[in-house]
Structures are given as structure tokens and as C-alpha cells.
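Okay, structure first, notes after.
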Amino acid sequence: MDFDLFVKKYGADYIQSRTNPMTVSLSKLSDKKYRDREKIFLAEGVKLTEEALRYAQNECVIFSRSSVESNPAADRIALLASEKQVRIIVFADSAFEKISTEKAPQGIIAVVKYLSDIHVSDNFSEWQNSKRLLMLDEIRDPGNLGTILRSAEALGINGVVLASCADIYGNKTVRSAMGTLFRLPLYITSNGAECADLMRSFGRRVFSAALGEHTLTLGEYEPLESDCVIIGNEGHGVSHEILEKSDACVKIPMAGNTESLNASAAAACILWEYFRAFK
């Protein structure tokens, strides 16, 4: 679309300078401390921006000038933002590049408000009620975290407990989750063992994906919808404190000499078995 027509049609602001306060402020959102202070984060690209506009609260939507002039999705997304009464800002390409964390940016970014008031509860007893749960213990790789959240939503999980995991608002997590972050209820805690203990007190079976004294084989026991399986850290697995609170361990049957799977692959295997039982 013609740049001047776009600005007029959507009442967009135009920022050219890399030193403009708005450019500088948005460029700092790659830093967790700044994100936490401002309570906003970036969702980059056409798909994530559309998902953010549909399911989240947005501070603004920003476009590079070249995306306005050459990306057919720009008009569609600007229309959606306008309907949601979300501020629209166009940046000169050089200023936009300072903000984006992508190597090959699409030129469209949603600046999204933290989801705490909508998706993260401070009352675990109430939050966990009637949910199919998954728990992640110290998943530190943001790509793994986002991928597991995406798989969890796809396979019927409607609540994920995050115990000392990577930052959900980091760009790699947001990108890997591909919109799931805006929809999937989360409970964030630094005390996974306490949550595991509480789940058992509510009548749930709590299983850790690990090997232990009492180990069940996936596919050889009857799953219950109230079960919660715990996926552990990429390096050292489920913590000893959480293992002590688990009813049993669960292993995935594997051929060959492979001893373990990547955390996101293990989560997908286990979640599929439960999805197959209850879909």
C-alpha cells in the first residue's frame, strides 16, 4: 500500500530516528529486566502479531516502512489493530531494525502487555481445579519451553505449571510457542515440590518423566485425566525434591541404545499418549 495512504487510513504515527525515545524504549525489550519493569514484550512477525491482536492486550503494533509498502499482510493487520483500538506506529526501516530481534524480520511486531492478570494465577488450589495439567521443572532452554507449550495446547492440556523455567516473555520462547502463550493458562512458581504435593492432596496422581524405584512404562498403565506428568530439566532431569513428591516415575519405551529424549520430544510422546486416551 502507498505509505501516505496507509498513515492517513489508520491514523498511524511515523518515527524515523533510531534515537527517538520510542525507538530506544522498544529496543530495550530484548532485556528481561526492562521487560519486567515495563510489563510489555514483543511478538514478532505476521502470525504472532495476528495471534496477539486476537487473544492478548496490546500496547501498540509497529510496522517497518518497507512492510507497509510491500507486505500484503500489513493492511490486514493494521485493520485488525484499528478495530481493537490499538495504536499503530510505522518506523523507518533503520529504526525498526534496532527494535527487532529477528535476523530476517517481517517488518511487523505486536508490543504485548504482560499476561499476568489474565493467564497467571496466585491461587494454585483454585487455578488447578478441573484442568488437565502438565508440569515443567527447570526447563531452561527457551526454544524447548515454547515448543512444549505449543505441544501441550495441541494435545489437550489446558494448564501448565512452570517451576523455575525460562522466561516466558523472551523472544525465543514467544516465537517457539507460536501464539500458544496468549491462550494457555499458566501457573508460575519457584517451588515445584510444593505444587506437586498440593496436586496429590487434591487427588491427582503425579508422575515424573524419569527412572526410579517405582517406574511405569508409557502405554502399559491406564492414564487418568487428572494425572499430572512432570518433565524435568534438559540436563539433570526432574529435581530430587519433586521426585520425592511423585507417586511414580514414567519412562518412554525406546528402541536401540538411546537413553533419553530431548525434553520437548519426551513431552510430546507422553502428551500424545494421554491425548489418545481422552480425545
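Positions 4 to 282 (the numbering used here) are the ones given, in order, by the sequence shown. Every residue, glycine too, gets a C-beta built ideally from N, C-alpha and C.
Residue i, DSSP secondary structure in three states
i           : result
residue 212 : strand
residue 256 : coil
residue 267 : helix
residue 4   : coil
residue 282 : coil
residue 262 : coil
residue 34  : coil
Contact set for residue i: own chain, Cβ-Cβ below 8 Å, skip 5 residues either direction
i           : result
residue 203 : 209, 248 and 250
residue 264 : 255, 257 and 272
Neighbourhood of residue i by C-beta, 6 Å cutoff - its chain only, sequence neighbours within 5 removed
i           : result
residue 2   : This structure does not reach residue 2, given that the chain is present from 4 up to 282, and the question cannot be answered.
residue 31  : 37
residue 117 : 42
residue 243 : none
residue 145 : 169, 173, 175 and 176
residue 13  : 81, 85 and 91
residue 76  : 49
residue 100 : none
Sequence-distant residues of its chain with Cβ nearer than 7 Å to residue i (five each side left out)
i           : result
residue 121 : Here residue 121 scores only 44 on pLDDT, less than 50, and its place in the model should not be relied on; the value that follows carries that caveat. Counting only Cβ-Cβ distances below 7 Å, and skipping sequence neighbours, we find nothing.
residue 246 : 211, 213 and 215
residue 17  : 10 and 93
Bridge-paired residues (DSSP) for residue i
i          : result
residue 18 : 94
*Tell me the start and end of each unbroken beta strand (DSSP E) in the stretch 106-182 that is at least 3 residues and wholly inside, in chain order.*
111-116, 136-140 and 162-166
_the stretch 15-24 / the stretch 139-152 touching (three or more Cβ pairs under 8 Å)_ = no
*Would you list, in sequence order, the uninterrupted beta strand (DSSP E) runs of no fewer than 3 residues that lie entirely inside the stretch 192-253?*
209-212, 218-220 and 231-234
_To test your reading of the DSSP string, which unbroken alpha helix (DSSP H) runs of 4 or more residues are found completely within the stretch 43-116?_
49-58, 68-73, 76-86 and 96-102
*Say whether the stretch 54-72 touches the stretch 190-204, bearing in mind that this needs 3 or more beta-carbon pairs closer than 8 Å, one atom from each stretch.*
The stretch 54-72 is not in contact with the stretch 190-204.
_At least 3 beta-carbon pairs within less than 8 Å: the stretch 230-245 vs the stretch 257-272_ = yes
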